[in-house]
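One structure is given here, and the rest of the page talks about it.
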Amino acid sequence: MRLSMLRNIVSPRRLALVSILLVAASGSAAAQSLPFTGLTGSWAGAGAISLSDGSKERLRCKATYQVSNGERRLLQSLRCASDSYRFDLNSDVVSQDGTIAGTWSETSRGISGSIAGRESGGLISAVIDAPGFSASLSLSTRGNKQSFSISSEGDIRNVTINMSRN
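Going by the numbering used here, the residue at position 11 of the sequence shown is 11; the numbering climbs one at a time, nothing skipped.
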């Protein structure tokens with residue numbers, strides 16, 4: 001009797017369904033535990049910079065991402081230039097349980113500071129701070145496409161960039 005009850009409870013269909021659910025759950029957990037997967041490599045694109053005087057210029061940008069420490073550490077190098085403006089942004093960020101923290105520097109102006117925020121499902125939202133400067137940052141990656149934006153109340157009001165993987 002017990003054997004027949006066990007067979008009814010653990011039918012091949014139920015076993016297959018449980019297996020599929022376990023694989024899906026473990027895949028989702030693996031994706032969450034590897035926050036910077038898919039960023040590694042070189043990216044290039046264009047965008048715009050808006051300055052506090054109201055002027056706006058087109059930008060050309062290149063980015064390089066290196067991922068290490070089990071996909072939990074991200075090194076970013078972003079270089080952008082317009083006809084009259086240039087910036088070189090570098091960051092070193094570590095993720096733990098959806099929270100990111102690290103440092104950044106803008107080498108052409110000699111400023112640096114901290115970065116802190118959250119990452120989830122291909123989206124990074126953070127605040128970058130330095131003495132006398134604060135900005136919000138957003139980075140969204142979907143496959144081989146990426147959107148990057150920085151907004152502040154300083155001389156640089158807004159930077160938007162759309163890039164593709166090289």
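Here a beta-carbon is modelled for each residue, glycine too, at the ideal position from N, C-alpha and C.
All figures in this text were calculated on a predicted structure; none of them were measured in a lab.
Spatial neighbours of residue i in its chain, beta-carbon cut-off 8 Å, leaving aside the 5 residues before and after
i: Ser112; result: Thr103, Trp104, Ser105, Glu106 and Ala130
i: Phe133; result: Ile111, Gly113, Ser152 and Gly154
i: Asn175; result: Within the shown structure, residues of the chain are numbered from 1 to 166, placing residue 175 beyond reach of any answer.
Spatial neighbours of residue i in its chain, beta-carbon cut-off 6 Å, leaving aside the 5 residues before and after
i: Ile156; result: none
i: Leu75; result: Gln66 and Asp92
i: Asn90; result: Ser77 and Ser105
i: Val159; result: Ile49 and Ile150
i: Ser52; result: Asp155 and Arg157
i: Arg73; result: Val94
i: Ile124; result: Leu139
Bridge-paired residues (DSSP) for residue i
i: Glu119; result: Ile124
i: Asp53; result: DSSP lists no partner for Asp53.
i: Leu168; result: What the structure shows of the chain is the stretch from 1 to 166, and residue 168 is not part of that stretch, so it cannot be assessed.
i: Asn158; result: Ser50 and Ser151
i: Gly45; result: Cys61 and Met163
i: Phe133; result: Ala130
Neighbourhood of residue i by C-beta, 7 Å cutoff - its chain only, sequence neighbours within 5 removed
i: Thr99; result: Arg118
i: Thr64; result: Ser42 and Ser77
i: Lys145; result: Ser164
i: Gly38; result: Thr141
i: Ala126; result: Ile100, Ile115, Ala116, Gly117 and Leu137
i: Ser120; result: Gly98
Supposed contact pair residue j and residue i - C-beta distance, whole angstroms, cut 8 Å
i: Cys61; j: Ile150; result: Incorrect: roughly 12 Å between the Cβ atoms, too far for contact.
i: Ala81; j: Leu59; result: 7 Å
i: Ala46; j: Lys56; result: Going by Cβ atoms, the distance from Ala46 to Lys56 rounds to 13 Å, so no, they are not a contact pair.
i: Ser108; j: Phe36; result: Ser108 to Phe36, Cβ: 25 Å. No contact.
Residue-chain proximity (residue i, chain D), Cβ-Cβ < 8 Å
i: Asp83; result: Absent from the structure is chain D; it holds one protein chain and no more.
Within the segment 72-121, note down every full beta strand (DSSP E) run reaching 3 residues or more, in order along the chain.
73-81, 86-96, 99-106 and 111-120
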